[in-house]
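Here the structure comes first, spelled out in C-alpha cells, and everything after it is commentary.
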Amino acid sequence: MTGPMTLRTLLRSPLLHFCLIGACIFAGYALLDDTPPQPAPDAITLSPDEADRIVQQFRMTWNRSPSVAELDRLMQAWALEEALVREARALGLARGDPVIRQRLTQKMNFIAEGSAAGATADDATLQAHLEAHPDTFRRPATLAFQQIPLTPDQADQAPALLATLEDGADPAWIATCPDGLSGGTIRIEGLERTNTDTLVRYEPEPGRVLTHRLTSSDTAFTIAADAGVFEVLQSYIALGFTHILEGLDHLLFVLALLLLVPTPRALFWAVTAFTLAHSLTLAAASMGVLTVPSPPVEAVIALSIVFLAYELTLPPDRRDPLSMRAPWLVSFAFGLVHGLGFAGALREIGLPDGDAPIALFAFNLGVEAGQLAFIGIVLAAWAAIQRILPALRRHTRALTLGTSYAIGSISTFWLIDRIAAF
Numbered sequence: 004m005t006g007p008m009t010l011r012t013l014l015r016s017p018l019l020h021f022c023l024i025g026a027c028i029f030a031g032y033a034l035l036d037d038t039p040p041q042p043a044p045d046a047i048t049l050s051p052d053e054a055d056r057i058v059q060q061f062r063m064t065w066n067r068s069p070s071v072a073e074l075d076r077l078m079q080a081w082a083l084e085e086a087l088v089r090e091a092r093a094l095g096l097a098r099g100d101p102v103i104r105q106r107l108t109q110k111m112n113f114i115a116e117g118s119a120a121g122a123t124a125d126d127a128t129l130q131a132h133l134e135a136h137p138d139t140f141r142r143p144a145t146l147a148f149q150q151i152p153l154t155p156d157q158a159d160q161a162p163a164l165l166a167t168l169e170d171g172a173d174p175a176w177i178a179t180c181p182d183g184l185s186g187g188t189i190r191i192e193g194l195e196r197t198n199t200d201t202l203v204r205y206e207p208e209p210g211r212v213l214t215h216r217l218t219s220s221d222t223a224f225t226i227a228a229d230a231g232v233f234e235v236l237q238s239y240i241a242l243g244f245t246h247i248l249e250g251l252d253h254l255l256f257v258l259a260l261l262l263l264v265p266t267p268r269a270l271f272w273a274v275t276a277f278t279l280a281h282s283l284t285l286a287a288a289s290m291g292v293l294t295v296p297s298p299p300v301e302a303v304i305a306l307s308i309v310f311l312a313y314e315l316t317l318p319p320d321r322r323d324p325l326s327m328r329a330p331w332l333v334s335f336a337f338g339l340v341h342g343l344g345f346a347g348a349l350r351e352i353g354l355p356d357g358d359a360p361i362a363l364f365a366f367n368l369g370v371e372a373g374q375l376a377f378i379g380i381v382l383a384a385w386a387a388i389q390r391i392l393p394a395l396r397r398h399t400r401a402l403t404l405g406t407s408y409a410i411g412s413i414s415t416f417w418l419i420d421r422i423a424a425f
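Following the working numbering, the numbering of the sequence shown begins with 4 at its first residue and continues without gaps.
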C-alpha cells in the first residue's frame, strides 16, 4: 500500500502542479516565439581574428604579450569603441563628415596602389633589404590624440575647453553654461521614440554630483536653483518607488505574504522583517561589500515565491510550523535575497559620488513606499469586494487556493526561465 499511496500523494502535490503548469507556460511561450534564435541586434561579439589583431597590435607596440588584466582592458576598450561606432552609424554621423570622407579616400587609394603593385619579393630579399635600411623601417614613437570638433562660434572657448580636458574631464559631451546650471533645461531629443530610460548625472557645484531619470514620456527636466540633498532624495525615492511597482516578482511575494500571515500584528512584523532584511543586503551589495551574480539571485527570488505559494495551498494546520509560528523569520530570510535583486537594479542606475548614502537611503525609502502602497491597495480592494459581495467570505479558502496556484505557476515559470538563461 505504501507505493500507491506515495504516488497518489505525489500526484496531488501542489508543487507538482506548479511544475507542470509552469513547464507548460514555458513550452507554450517557446512555441509561440517562432523566430529563430539570433544574436540581439545590440550584441557585440569579438571574433577570434579581431582578438588576434588586438594582441598583435599590442605586441608590436610594447614588444611583449599582454597580461590577462591588460588583455581584459583591451577587450573592454574594443567593445566600447564598437558600441560607439555602431551608435554613430545609426545616428548618421558619418554622412557629410569631411574627415571621414578623406580617411575613406586614403584607404581606397592604398588598396588601389596595392592591387597595382608588381610581383612580391621573397622572404630572403625582404630580410636583406631590411638589414640594409634599418632606419627606414624602424617603428617611430607614436602619440595618441583625441579630436574634439568645435564649431566656428565656439572658437573662443578652445582655451577654456583645453583646461577642462587637462583636469580630466570626459570629452563625450561638454557644454559651457556661463550663467551656471541653475534654471537650465536638459533635454534628450528623440528619447520619446525609444523605450530607453536615461539617467542624467550633472555637477551643479564642485564635488556634488546629482542625478535625474529621463524616460520616453519625460524627456527633459529643469535643474533647480537650490539643487542639493533634496534633489537626490526626490530623484532616488521616485526611482525606488517605480522599481518596486514594476517588479511583478517582488509584488507577488508581498501578496503571498499578505495571504499567508494570519493576523495584522504578525503581518506588521513580517513586513518589517522583510524590509530590514532587504535593506541590509541592498546596502551591502550597492556599496560593494557583497557581490553575488544576478542570474542565481533572480532564480532564488522566484523559488522564494514558489515556497510561499505552496504554503498557501496547505490548510493552516498542515503548514510548516516555522512559517506559522515565526512568519517574520521566513520573510527576513527571503528578504535578504530580494535585497540583492533590488541592488542589481540600483547598480544599473548608479549612485552619485558625493551623496551615495543619501541616495541609497532614498532608493530604499522609495521601495518601502511602493511596497506599502501596494499592500494598502490590496487590502482596500479586498475590503471593497467583501462589502459588495459579502457571500465571498464563505469562499475565502477557495479564493486563496486559486490565487496561490496562480502565484505558484507564474513563479515556477520564472524559475524555469531564469535557470534556462544561466
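C-beta atoms are modelled at their ideal positions from N, C-alpha and C, and glycine is treated no differently.
- Membership of A223 in the beta strand (DSSP E) is indicated by the continuous run 223 to 225.
- In this chain, the alpha helix (DSSP H) harbouring T275 covers 267 to 289.
- The Cβ atoms of S414 and I247 do not sit closer than 8 angstroms to each other.
- Counting every other CB atom within 10 Å of its CB across the protein chains shown gives D125 a total below 16, marking it as exposed.
- Taken through DSSP and simplified to helix, strand or coil, I304 comes out as helix.
- CA-to-CA, the gap between L375 and L262 works out to about 15 angstroms.
- Only residues of its own chain outside the window of five on either side were considered, and among them I304 have a CB closer than 6 angstroms to the CB of D252, listed in chain order.
- For L325, same chain residues with a beta-carbon under 7 angstroms away, outside a window of 5 residues either side, are L332, V333 in chain order.
- With the rule of 3 Cβ pairs closer than 8 angstroms, the stretch 385 to 405 does not count as touching the stretch 266 to 280.
- In this structure, S185 keeps its C-beta atom at 8 angstroms or more from the C-beta atom of T214.
- 8 angstroms or more divides the Cβ of G25 from the Cβ of F310.
- When DSSP reads this structure, T188 sits in a beta bridge with T225.
- Judged by pairs of C-beta atoms under 8 angstroms, the stretch 284 to 304 touches the stretch 337 to 352, as three or more such pairs exist.
- A direct Cα-to-Cα measurement between A387 and L236 gives close to 34 angstroms.
- According to DSSP, T9 shares a beta bridge with no other residue.
- According to DSSP, T218 shares a beta bridge with D221.
- Sequence-distant partners of V257 (beyond 5 residues in either direction) whose C-beta falls short of 7 angstroms from its own C-beta, in its chain, are Q374, F377, I378.
- Of all alpha-carbon atoms in E195, I240, E206, the one lying nearest the alpha-carbon of S220 is that of E195.
- Beta-carbon to beta-carbon, T188 and T225 are separated by about 5 angstroms, close enough to satisfy the 8 angstroms threshold.
- Nearest to T245 by C-alpha distance, out of G95, V370, P155, is V370.
- Ranked by Cα distance from P296, the options Y408, I422, D320, A241 are led by I422.
- Burial check for N198: the Cβ neighbour count within 10 Å stays below 16, so the residue is exposed.
- Taking a C-beta distance under 8 angstroms as the contact criterion, L260 and A280 do not qualify as a contact pair.
- The continuous alpha helix (DSSP H) containing I240 extends over residues 232 to 249.
- Taking E206 as reference, the option from V232, T222, T218 with the minimal CA-CA separation is V232.
- Inter-residue distance for R104 and L87 is about 19 angstroms (C-alpha atoms, whole angstroms).
- Distance from the Cα of I361 is smallest, within the candidate group T12, P17, E234, for E234.
- Rounded to the nearest angstrom, the Cβ distance from E314 to D323 is 6 angstroms, consistent with a contact under 8 angstroms.
- Spatial neighbours of S412 in its own chain (CB-CB distance under 6 angstroms, excluding positions within 5 residues in sequence) are listed in chain order as F21, I24, G25.
- Around the beta-carbon of P17, 16 or more other beta-carbon atoms lie within 10 Å, marking it buried.
- Around the Cβ of D55, a 10 Å sphere holds fewer than 16 other Cβ atoms; the residue is exposed.
- S50 sits exposed, since fewer than 16 C-beta atoms from the chains shown fall within 10 Å of its C-beta.
- By the 16-neighbour rule on beta-carbons within 10 angstroms, N367 is buried.
- Your pair G243 and A365 checks out as a contact, with CB atoms roughly 7 angstroms apart and the cut at 8 angstroms.
- By the CB criterion at 8 angstroms, L349 and S289 fall inside the cutoff.
- Looking at P318, F140, F425, the one whose alpha-carbon comes closest to that of L404 is P318.
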